[in-house]
Structures are given as C-alpha cells and as structure tokens.
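First comes the structure, then the notes that go with it.
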Amino acid sequence: MLQYSNEQVIQAFKLYSKLSIRGYGEREELCLYAADENIRGLVDQFAREVDCTIFASGDYIYMIPISKDSIYHVSNEFIKNTYLPSKAVNLDLYLMYVSIIVLFGEFYDSYQTMEPTRDFISVNEWLNVLNNRILALNEYDLEKLKKLDKEFDYNWSAILKKWMDMDEIKENVKNQDARTISRKSFLSTVTNFLEKQELVKDVGNEEVELTEKAKTIIQRYYMEYDYNREILDFMYNIDQKKGES
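Residues in the sequence shown are numbered from 1 upward in steps of one, following UniProt numbering.
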C-alpha cells in the first residue's frame, strides 16, 4: 500500500482544487503533477471520484468530465443560458452538437484517422459540409426518420426541419451575429462556444483551427463507443443506411 506524506496529500488536494474550479492549470501546476508520482496518483484518484479525468496538453493540465453524471459536466441549461440566444431550446443544443461532430470530423477524415489531416477549415467549408450532412436526412421518408429518432434518442427530423427553416437569404450578410437567423450565424454561435471552451482558435479570414486540448479530447475520448461512436457512425454512414431503408 502506498504511503503518502502529509505534504503530498495537501499539495495534491490544492492542485485538485485549482483544477476543479478552473478546469485547467498552467505550467506550475503541470510541473507539480508531472514531477511527483504520488501527487499525480492522488490527483487522478480525486478526479475519478467525481467522474473526471486529468490530462496534460502543451503547457497546460486539464480536468474534464467523462460522464454525464459528473458534477462537473456542463449542463444543457448552462449552455443555453450562457452561449445561445434567449429563446433557444434543446433542439438548438442538438443542432450545435451535430455541428461540432461535423467540424471535428473534417479534421479527422470523417473520423477514419487518429491524427488531424488538416490544419484549419473555413467557416464556409464547414457550413457546406454540415449542410450536405443534414440535407442527406431529407432522403429518408418520415417513418424512417421517426425510427432513427428512437434508435439514437435524437430528434433528427426536428433537426432537419430547423435547419431548413433557417433564413438562407441572410447567409451573405457581412456581419453575422446571434440575432441574424441564418445557418452561418448559428455556426458563429457554435464557434464562440468552442472558443470559450478552448477547443478551437480563430486564425483569421473566417478560419479556425483545433487547439491541442481539442485534439487530445477527440483522440482519447470523443471516438469511443461509450461516448459518441454510434452517433459518429450514423452521421458518416448515411448513404449506407439509406440503402437499408
């Protein structure tokens, strides 16, 4: 059985406390975590107790929830109140999630590779790919869509309708914001959320790149069946599924 000194326990708890409050630590916290095996083990154990995991990426150390049951899991209500327009509903969250799935997929060759295959993507390209993915759902008849809704516990038919209802006329408006009800303005909202979560970085010219934090999360957790795999498989095998209908 491992023996910990009182100082190690105190340092580990202080480090865990900082991570639990901010979600990340900087170089000083990273060095402490990396240098002492006992402190690292304690911090990892503390994190597991609240359904979180610890990982280092670049000069930072992060603590993220790995279960919806974690007290640190970001709730739908928090996202709606913080990042979405005042009249947003759960359907907006589902559409946001689908948008993020497609965005990440463009960096990982439709989730066929474990390493990014590109450095950045333009918002317009992201929009076009997302549009094609969602409109592919239009090939299903209503009954098939309803079956898919139940299979994935995801309201694909409502997502399709909401996307179709967004005002395409406003897509070319130069200044897009949350008040401009268009597909591009919606992606502007999603981008803002991802930037606040330090998952993408704006590199100018309406282009974004993934952060090291995002790459680590995608590679270690995002592609696992326990998290998103079934949804990913569906989104990137729509043509095959249509053949089975």
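Glycine is no exception: its CB is placed at the ideal position from the N, C-alpha and C atoms. Note that this is a predicted model, so its numbers are computed, not measured.
Residue of D69, G58, E7, S122 minimising C-alpha distance to S188:
On the sequence shown, residue 188 is found 188 positions in, with the first residue counted as 1. The shortest Cα separation from S188 among D69, G58, E7, S122 belongs to S122.
Length of the line joining the Cα atoms of S67 and V203
Position 67 of the sequence shown, counted from the first residue, corresponds to residue 67. Position 203 of the sequence shown, counted from the first residue, corresponds to residue 203. Straight-line Cα distance between these residues: approximately 31 Å.
If you run the structure through DSSP and keep just helix, strand and coil, what is I169?
Within the sequence shown, residue 169 is the residue found at index 169, counting from 1. Any reading at I169 must be qualified, since the residue scores a pLDDT of 49, below 50, and its modelled position is unreliable; the value itself is stated next. In this structure, I169 counts as helix in the three-state DSSP scheme.
Give a yes or no on whether the C-beta atoms belonging to residue 256 and W163 are separated by under 8 Å.
Lying before the first or after the last residue shown, residue 256 is absent from the chain, which here runs from 1 to 245.
Could you give the first and the last residue of the continuous alpha helix (DSSP H) run that contains L187?
In the sequence shown, residue 187 corresponds to position 187, counting from 1. Counting along the chain, the alpha helix (DSSP H) containing L187 begins and ends at 183-196.
State the start and end residues of the unbroken beta strand (DSSP E) segment that holds E207.
Position 207 of the sequence shown, counted from the first residue, corresponds to residue 207. Element bounds for E207: 207-210.
Closest to T191 by C-alpha separation, out of S99, K144, L145, P116, would be which residue?
For the purposes of this step, residue 191 is identified with residue 191 of the sequence shown, where counting begins at 1. Comparing Cα-Cα distances from T191 to each of S99, K144, L145, P116, the minimum goes to S99.
Out of V9, E212, P65, point me to the one whose CA is closest to L32's CA.
For the purposes of this step, residue 32 is taken as the residue at position 32 of the sequence shown. It is V9 whose Cα lies nearest to the Cα of L32.
Identity of the residue in P116, D119, Y97 nearest I134 by Cα:
Sequence index remark: in the sequence shown, residue 134 carries index 134 (1-based). The shortest C-alpha separation from I134 is found at Y97.
The beta strand (DSSP E) enclosing S86, as first and last residue numbers
Within the sequence shown, numbered from 1, the residue matching residue 86 stands at position 86. Here S86 belongs to no beta strand (DSSP E), and DSSP marks it neither H nor E.
Quick check on the burial criterion: 16 or more other C-beta atoms within 10 angstroms. Buried or exposed for I217?
Along the sequence shown, read from residue 1 onward, the residue named residue 217 stands at position 217. Buried, by the Cβ-count rule.
Below 8 Å on the Cβ atoms is my contact criterion, and I expect M63 with I54 to pass it. Report the Cβ-Cβ distance as a whole number of Å.
As a position in the sequence shown, residue 63 is number 63, starting the count at 1. As a position in the sequence shown, residue 54 is number 54, starting the count at 1. 5 Å between Cβ atoms; contact.
DSSP three-state label for S57, please.
Here residue 57 is taken as the residue at index 57 of the sequence shown, counted from 1. Strand.
Which stretch, first to last residue, makes up the alpha helix (DSSP H) that contains G23?
Mapped onto the sequence shown, residue 23 falls at position 23. Looking at the DSSP string, G23 is not in any alpha helix (DSSP H), and its letter there is neither H nor E.
DSSP three-state assignment for D51, whether helix, strand or coil
Position 51 of the sequence shown holds residue 51. Correct three-state label for D51: coil.
Rounded separation between L160 and V43 - CA only:
On the sequence shown, position 160 is the one that residue 160 refers to. On the sequence shown, position 43 is the one that residue 43 refers to. The alpha-carbon atoms of L160 and V43 are separated by roughly 43 Å.
Please work out which residues of its chain come closer than 7 Å, Cβ to Cβ, to N38, disregarding the five sequence neighbours upstream and downstream, and give them in chain order.
Residue numbering aside, residue 38 sits at position 38 when the sequence shown is read from its first letter. Taken in chain order, the residues that qualify are L2, Y4, Q8.
What residue range does the alpha helix (DSSP H) around V74 cover?
Residue mapping note: residue 74 aligns to position 74 of the sequence shown, counting from 1. Per DSSP, V74 belongs to no alpha helix (DSSP H) and is neither H nor E.
Quick check on DSSP: helix, strand or coil for K201?
Here the question's residue 201 lines up with position 201 in the sequence shown. Reduced to three states, the DSSP call for K201 is strand.
V89 and L130 closer than 8 Å at C-beta
Counting from 1 along the sequence shown, the entry for residue 89 is found at position 89. Counting from 1 along the sequence shown, the entry for residue 130 is found at position 130. No, the Cβ-Cβ distance between V89 and L130 is not below 8 Å.
Spatial neighbours of L199 within its chain, please: C-beta separation below 8 Å, excluding the five flanking residues on both sides.
Counting from 1 along the sequence shown, the entry for residue 199 is found at position 199. For L199, where only same-chain residues beyond five positions count, the Cβ hits under 8 Å are L210, T211, K213, A214, I217.
For S122, list the residues DSSP reports as bridge partners.
As a first step, residue 122 must be located in the sequence shown, where it is residue number 122. DSSP output for S122 lists E207 as bridge partner(s).
Just verifying my parser: in three-state terms, what is the DSSP assignment at M96?
Taking the sequence shown and counting its residues from 1, the one referred to as residue 96 is at position 96. M96: helix per DSSP, three-state reduction.
Give every residue of the same chain whose Cβ lies closer than 6 Å to the Cβ of G41, excluding the five residues on either side of it in the sequence, and list them in chain order.
As a first step, residue 41 must be located in the sequence shown, where it is residue number 41. Taken in chain order, the list of residues that qualify is empty.
Return yes when the Cβ of W126 is within less than 8 Å of the Cβ of E106, no when it is not.
Walking along the sequence shown from the start, residue 106 turns up at place 106. Walking along the sequence shown from the start, residue 126 turns up at place 126. The answer is yes: Cβ separation under 8 Å.
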